[in-house]
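Novice: Please read through the structure below; I'll follow up with questions.
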Amino acid sequence: NNPNVFANLRDRFPHPYTEKDARDYIRLCADEDGRAFLARAIPVDGVCVGSVTVTVGEDIYRRSGELGYFLGEPFWGKGIMTWAAREICREAFEKRLEEIREKLKRGEEEAACLEMDAFQVSLDETRPADYCQNAVVNAILSEKEKEFQKLGIRTKLALMIPRGLKLDPLHLCSLFSHL
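So for the sequence shown, my numbering puts the first residue at 9; every next one is plus one.
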C-alpha cells in the first residue's frame with residue numbers, strides 16, 4: 009500500500025490493496041496466462057517483490073502489447089525491473105513466433121506470412137536505425153524519420169560525424185533534436 013507504488017499503477021488497481029486483492033490478482037495471472045496475457049512474479053531472495061505482465065491488445069490493437077509492472081519501492085533503482093521487463097518481452101516474442109510456427113505446421117502459410125510481415129513491421133518500428141555510434145542520436149533521428157513518414161515526407165538521412173570532433177554528447181544530441 010505504498011503511495012509511491014500506487015501512484016504509478018493503472019486505475020483498475022484497488023487502493024488500499026488488501027490480501028483478498030492480492031489473491032484475486034494471483035488467480036487472474038494463473039487463469040489468464042497464455043497468448044493474450046503473460047504474468048510473472050519478480051522474486052528477490054525467494055520473496056515476491058513485484059510483478060511484470062504483457063497484455064496483448066484486442067481488435068485493431070491485437071498486434072501490440074502493453075507492458076505492465078510494479079515493484080516494491082525498496083527495490084527501485086537496482087536494475088531489477090529492467091531485467092524483468094527484458095525477460096518477459098523475450099518470452100512474449102518467443103510465444104508469438106511459436107504461434108506462427110504452429111500455423112505453418114497446420115498448412116496456414118498465407119496467414120503465417122501475413123503475421124510474420126506484421127511482426128517484422130512492428131520490430132522495425134521499435135528498433136532505432138543505426139545512423140552513427142551514438143545511441144541517443146540514433147533514437148532521436150529515428151523518431152524524426154517516423155514523424156516525416158507520418159507527414160508523407162520521404163527522407164534519406166545520412167550522418168557523417170568526424171572522429172576527432174570535440175563535442176560534448178549532450179550538445180550533439182541537442183543539435184540533432186532540433187531538426
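Heads up, the beta-carbon is just placed ideally off N, CA and C, and yes, glycines get one too.
1) Pop quiz: LYS111 and ALA120 are said to be a contact at Cβ under 8 angstroms. What is the actual Cβ separation, rounded to whole angstroms?
2) Looking at the unbroken alpha helix (DSSP H) that takes in CYS37, where does it start and where does it end?
3) Which whole-angstrom value describes the C-beta separation of ASN9 and TYR25, a residue pair presumed to lie in contact below a C-beta threshold of 8 angstroms?
4) DSSP state of LEU79, grouped into three classes?
5) Between which two residues does the alpha helix (DSSP H) containing THR90 stretch?
6) Are the beta-carbon atoms of VAL62 and PHE45 separated by less than 9 angstroms?
7) LEU122: buried (16+ other C-beta within 10 angstroms of its C-beta) or exposed?
8) Can you name the residues that DSSP bridges to CYS56?
9) So, are the CB atoms of VAL52 and PHE83 less than 9 angstroms apart?
10) My assumption, with CB atoms under 8 angstroms, is that ARG215 sits in contact with PHE127. Please give the rounded CB distance.
11) Give me, in chain order, the residues of the same chain whose beta-carbon lies closer than 8 angstroms to that of SER72; leave out the 5 immediate sequence neighbours on both sides.
12) What's the C-alpha gap between GLY85 and ILE148?
13) Alpha helix (DSSP H) containing ARG173: first to last residue?
14) In whole angstroms, what separates the C-alpha of ALA38 from that of VAL60?
15) Considering just the uninterrupted stretch of the alpha helix (DSSP H) at ILE148, what are its terminal residues?
16) Under the three-state reduction of DSSP, which class applies to PHE21: helix, strand or coil?
17) Between LEU165 and LYS152, is the Cβ-Cβ spacing less than 9 angstroms?
18) Rounded to whole angstroms, what is the Cα-Cα separation between ILE108 and ARG70?
Specialist: Concretely, from the data shown:
1) 4 angstroms
2) 27-40
3) 6 angstroms
4) strand
5) 88-113
6) yes
7) exposed
8) PRO51
9) yes
10) Outside the shown range of the chain (9 to 187) lies residue 215, about which nothing can therefore be said.
11) VAL64, GLY65 and SER130
12) 25 angstroms
13) Per the sequence presented here, residue 173 reads as Leu, with Arg not at that position. Looking at the DSSP string, LEU173 is not in any alpha helix (DSSP H), and its letter there is neither H nor E.
14) 13 angstroms
15) 143-158
16) coil
17) yes
18) 14 angstroms
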